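Engineer:
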Amino acid sequence: MTHAGTTTKPTPPPKPTRSRPRLALPDSLAGWLLVAPTVLFLAAVFAYPVVSTALTSLQDAKLTKPGEATFVGLENYTDLASSDAFWQAIWRTVYFTVVSVGLELILGIAIAAFISRRFAGWRFLRLAIFVPWAVPTIAAATMFRWIYNADYGALNGLLFQLGAIDQYVPWLADPFAAMNFVIVTDIWKSTPFVVLIVLAAVAGIPGELYEAARIDGASRWQSFWRVTLPMLKGGILLVLVVRTVEAFRVFDIIYILTGGGPANGTLVISYVAYQETFRFFNLGRGAALSFIISLFVLMAALLYLRLLSTRQGETR
Amino acid sequence: MAHQRLGRIGLAATATALAIVAASVGGVLAQDKVSLNMISMAQAGMTPDEMNAVISEFVELNPGVEIVPEYVAYDALHDKIATGMASGQSPFDIMLVDDIWFPEFAEAGWLTDISADVPADMLADSSQAAWDIVSYDGKQYGLPWLLDQLYFFYNEDMLTQAGFDAPPTTWEEMTDMAQAMKDQGIVDNPIVLPLGQIEAAITQFVAFLYGNGGEFFDEAGNPVFNSPEAVGAVQWLADGIASGLINPASTTYGEEDARNAISAGKAAFTVNWTYMYDLANNPDESAVPGQIKMAMMPAFAKGVEAGIPSATNNGSMGFAVSSGSANPDAAMAFIEYLTSKDVQKRYSAHVTPLWTSLASDPELLAAQPVLLAMFAEQWPFAHVRPKVPYYLEMSQTLQVALQEALVGSKSAQDALDGAVAVAVDLAGE
Chain B
109 MTHAGTTTKP TPPPKPTRSR PRLALPDSLA GWLLVAPTVL FLAAVFAYPV
159 VSTALTSLQD AKLTKPGEAT FVGLENYTDL ASSDAFWQAI WRTVYFTVVS
209 VGLELILGIA IAAFISRRFA GWRFLRLAIF VPWAVPTIAA ATMFRWIYNA
259 DYGALNGLLF QLGAIDQYVP WLADPFAAMN FVIVTDIWKS TPFVVLIVLA
309 AVAGIPGELY EAARIDGASR WQSFWRVTLP MLKGGILLVL VVRTVEAFRV
359 FDIIYILTGG GPANGTLVIS YVAYQETFRF FNLGRGAALS FIISLFVLMA
409 ALLYLRLLST RQGETR
Chain H
4 MAHQRLGRIG LAATATALAI VAASVGGVLA QDKVSLNMIS MAQAGMTPDE
54 MNAVISEFVE LNPGVEIVPE YVAYDALHDK IATGMASGQS PFDIMLVDDI
104 WFPEFAEAGW LTDISADVPA DMLADSSQAA WDIVSYDGKQ YGLPWLLDQL
154 YFFYNEDMLT QAGFDAPPTT WEEMTDMAQA MKDQGIVDNP IVLPLGQIEA
204 AITQFVAFLY GNGGEFFDEA GNPVFNSPEA VGAVQWLADG IASGLINPAS
254 TTYGEEDARN AISAGKAAFT VNWTYMYDLA NNPDESAVPG QIKMAMMPAF
304 AKGVEAGIPS ATNNGSMGFA VSSGSANPDA AMAFIEYLTS KDVQKRYSAH
354 VTPLWTSLAS DPELLAAQPV LLAMFAEQWP FAHVRPKVPY YLEMSQTLQV
404 ALQEALVGSK SAQDALDGAV AVAVDLAGE
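As you go down the protein sequences, you meet chains B and H in turn. Take any residue in the first sequence, note its place counting from 1, add 108, and you have its number in the numbering used here. Take any residue in the second sequence, note its place counting from 1, add 3, and you have its number in the numbering used here.
#1: With DSSP run on the structure shown, which of helix, strand or coil describes Phe219(H)?
#2: Using a Cβ-Cβ cut-off of less than 7 Å, give me the residues of the region 258 to 269 of chain B that come near chain H, in sequence order.
#3: Would you mind giving the Cβ-Cβ distance between Trp241(B) and Pro300(B), rounded to the nearest angstrom? I have them listed as a contact below 8 Å.
#4: Within the continuous alpha helix (DSSP H) that includes Val425(H), where are the two ends?
#5: Rounded to whole angstroms, what is the Cα-Cα separation between Val71(H) and Asn40(H)?
#6: Measure from the alpha carbon of Glu354(B) to the alpha carbon of each residue in Phe204(B), Arg226(B), Arg328(B), Ala281(B), then state which is nearest.
#7: When the Cα atoms are used, what is the spatial distance from Thr202(B) to Asn288(B)?
#8: Taking the alpha-carbon positions, what's the Lys142(H) to Ala165(H) distance?
#9: For the region 274 to 281 of chain H and the region 140 to 159 of chain H, state whether three or more C-beta atom pairs, one from each stretch, are separated by less than 8 Å.
#10: Which value, in whole angstroms, describes the spacing of the CA atoms of Ala227(B) and Leu233(B)?
#11: Could you check whether the Cβ of Asp82(H) sits closer than 8 Å to any Cβ belonging to chain B?
#12: Please give me, in chain order, every unbroken run of the beta strand (DSSP E) with length at least 3 that falls completely inside the region 160 to 197 of chain H.
#13: Rounded C-beta distance between Thr315(H) and Met300(H)? I'm assuming under 8 Å.
#14: Run through DSSP, which three-state label would Tyr256(B) get?
#15: Rounded to whole angstroms, what's the CA-CA distance from Ile249(H) to Glu202(H)? Just pull it up for me.
#16: Does any residue of chain B have a CB that is nearer than 8 Å to the CB of Asp191(H)?
#17: Under 7 Å Cβ-Cβ, which residues of chain B neighbour Gly199(H)?
#18: Please list, in chain order, the chain A residues whose beta carbon lies closer than 8 Å to that of Pro251(H).
#19: Check whether the Cβ atoms of Val427(H) and Pro226(H) lie closer than 8 Å to each other.
#20: Leu395(H) versus chain B: which residues are under 7 Å apart at the beta carbon?
#21: Quick one: which residues of the region 248 to 282 of chain H get their C-beta closer than 9 Å to a C-beta of chain B? List them in chain order.
#22: Checking the sheet assignment: what are the DSSP bridge partners for Ser412(H)?
#23: Using the Cβ count rule (16 or more neighbours within 10 Å means buried), how would you classify Gly224(H)?
#24: Along the region 58 to 86 of chain H, where does the CB come closer than 8 Å to a CB of chain B? Name the residues.
#25: Tell me whether the region 106 to 121 of chain H and the region 169 to 181 of chain B touch, counting them as touching only if at least three CB pairs, one residue from each stretch, are closer than 8 Å.
#26: Under a three-way DSSP split, which group does Tyr278(H) fall into?
#27: For the putative contact between Ala249(B) and Asp360(B), defined by C-beta atoms under 8 Å, what is the C-beta separation to the nearest angstrom?
#28: Can you tell me whether Tyr74(H) is helix, strand or coil according to DSSP?
#29: Spatial neighbours of Ser208(B) within its chain, please: C-beta separation below 7 Å, excluding the five flanking residues on both sides.
#30: Between the alpha carbons of Met339(B) and Val405(B), how many angstroms are there, rounded?
#31: I want to know whether the region 210 to 225 of chain B touches the region 297 to 311 of chain B - three or more CB-CB distances under 8 Å.
#32: Does DSSP put Gly158(H) in a helix, in a strand, or in coil?
#33: Please classify Gln269(B) as buried or exposed, where buried requires at least 16 neighbouring CB atoms within 10 angstroms.
#34: Can you give, in chain order, each stretch of the alpha helix (DSSP H) that sits fully within the region 166 to 238 of chain B and has at least 4 residues?
#35: Between Ser2(H) and Tyr74(H), is the Cβ-Cβ spacing less than 8 Å?
#36: With a threshold of 8 Å on Cβ separation, who are the neighbours of Pro372(H) within its own chain once the five nearest residues in sequence on each side are excluded?
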């Protein structure tokens, strides 16, 4: 594809050394033609759905009443904003996001710091730590549904045999406890991602820094605190952005583990959007919810990106 | 060079596309057969193999007709029909519809009113409860097919061990038996019920509500499932969970979890669909094979006093003809064949016959000794869930209300009052 380079030239070369086909198109047109499929593709799968969703979110549209959609302005949004259930779902989502991402970060850094040292069996441990991440979320959640089961679950079996409990406990029967067990599942599933990124960042820290720290008489803890951690900021912020965005949209774990229950204790905002759209077919309200979720995610991402760019500026 | 190559690829692609279009148009034009698309379920009822065998029989009798079946899981069926029909293309001629979806689909105009075409002999030889499934607003929108209801299951050995020789006839009696089992250390949580935040909880609620003399809607169509009878039933469930007589994990359980608890020998009583009987007594699936028996659904003492000895939920499905079908007569002919007495008699392994007279057929009784008799005995006490077009939303609200009452975050009265208020709103929308 040599044409991409030639399009920027102001004039074509006066005497082409290569023989061109007779009916050749002007280079700029050829360029447009070449990118046209991509542009059309993006317009079809990105621009059109976004615009269409935005318009739907301003309508009272129900899938089971085709052709009866009416324009209602911002009513879907104002209805949501004035609904307690909506804000409860938002707060649940925020709780889930903050706790799971926070714990994943702490655990992830600790594990990365531990396995970055090359003790016996480090290769095996490094591989093993990534297994949860490779398991599809649906499969992981199904597995944890069994583990947590109140009558034949592995967690009850283990604790009972260890003597920690004297009878089986229905872990998912309390709304708040259920949310925390969902979080444990998410931590199990996603911490390896944090480990991976942190390990990569650790590998990029020059050895001289540690050498200098040692010469200055720094302890192991001090060199972790003063050298490793500051050098990891970029990686950590990257992890924060990616994991926050993912956690805010959490759906599959909850779909399998609790179905939003008990008593809506694990009903996060994505689940509300799913219910509205695909269970009740309230397309308008579902579209509005999707937009609100995108807005929250976008705000979080922008905040982090801002932090990321200033921090990187500081270290330079 | 690149242009030429691209041009050639483009030309080849266009030619291929044209060829495909031409071939498919040709295929359509070449067809002189009537082709019917059917969407059905690969979960309960007849297996796809049995269904295909019936289709082959029908096609042999009607050589001009071709039936293209599609089998999906129950959980996918509603959304697949709804999205397909909403597209306006009417991709299906014949559709399997759950009883709670008939109002929604009928209101959307997707179902053909077949009231005038219902075979007279079928109508005469079947129960009203079967027709409740497919009816909405006084019209019939399909033929009843998969007749199922909730049954009472108990572990006979545990019952004997606790010193009882017959299953309970009231829910209060079951509580006493459960207490005895718990006291004697036979089982920790003797009762397990699928009361998770899913549709299963509503089917259970129907059984307890009607068993206490309550109802969903009064004669005028107002929601009354916050009546003293309803509150009493829910309070009984909440008390059972609080005392541990009902397994506290029930609020997280679906039918399969409840069945597994029974099959693991972790509970003595449950309420579940027909399918559980085989599985809970199957040595490959169950640790207590041969111990799980069925009995009439109990009612509350208050219900029994009011002349209600038993109450359960009718959870059945019917076959409907799509309103967009190009060949509604052929589609109707097929669902008539599928539900005919002859076919129902020959394929009785997984479907309870719609025809009342088949229940006393000696051949069938020999093949299905327990289930057929149990069905006939329980069926007169089966109640359908509300027939309203906003059912799924109301159900979701009620599921959450039940959960709130059962985990104790609200009183039964407050929780049900809230759900009724939402139902009133939904009805007004």
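Glycine included, every Cβ here is placed at the ideal spot set by N, Cα and C. This one's a predicted model, so the numbers in the text were calculated from it and none came from an experiment.
Structural biologist: Concretely, from the data shown:
#1: The DSSP-derived three-state label of Phe219(H) is coil.
#2: Ala258, Asp259, Tyr260
#3: 4 Å
#4: 415 to 431
#5: 5 Å
#6: For Glu354(B), the nearest C-alpha among the options comes from Phe204(B).
#7: Before going further, note that residue 202(B) is Val rather than Thr in the sequence given. Near 13 Å, if we compare the C-alpha coordinates of Asn288(B) and Val202(B).
#8: 50 Å
#9: Counting Cβ pairs under 8 Å, three or more are found: they touch.
#10: Contrary to the premise, residue 227(B) reads as Phe rather than Ala in this sequence. Straight-line Cα distance between these residues: approximately 10 Å.
#11: yes
#12: Runs of the beta strand (DSSP E) inside the region 160 to 197 of chain H: none found.
#13: Contact flag correct, Cβ pair sits at about 4 Å.
#14: helix
#15: Rounded to the nearest angstrom, the two C-alpha atoms are 19 Å apart.
#16: yes
#17: Here the neighbours are Gly367, Gly369.
#18: Included in the structure are the protein chains B and H, with no chain A among them.
#19: yes
#20: Arg387, Phe388
#21: Asn250, Pro251, Ala252, Ser253, Thr254, Thr255, Tyr256, Gly257, Asp260, Asn263, Ala264, Ala267, Lys269, Ala270
#22: None; Ser412(H) has no bridge partner.
#23: exposed
#24: Asp82, Ala85, Thr86
#25: Because the criterion of three Cβ pairs below 8 Å is met, the region 106 to 121 of chain H and the region 169 to 181 of chain B touch.
#26: helix
#27: 6 Å
#28: strand
#29: By the criterion of a C-beta distance shorter than 7 Å, Ser208(B) is surrounded in its chain by Ile291, Asp294, Ile295, Ala355, once the five residues flanking it on both sides are discounted.
#30: 26 Å
#31: yes
#32: The sequence shown places Asn at residue 158(H), not Gly. The answer is strand: DSSP assigns Asn158(H) an E or B state.
#33: It counts as exposed.
#34: Runs found: 183 to 189, 192 to 223, 230 to 236.
#35: This structure leaves residue 2(H) out entirely; chain H is present only between 4 and 432.
#36: none
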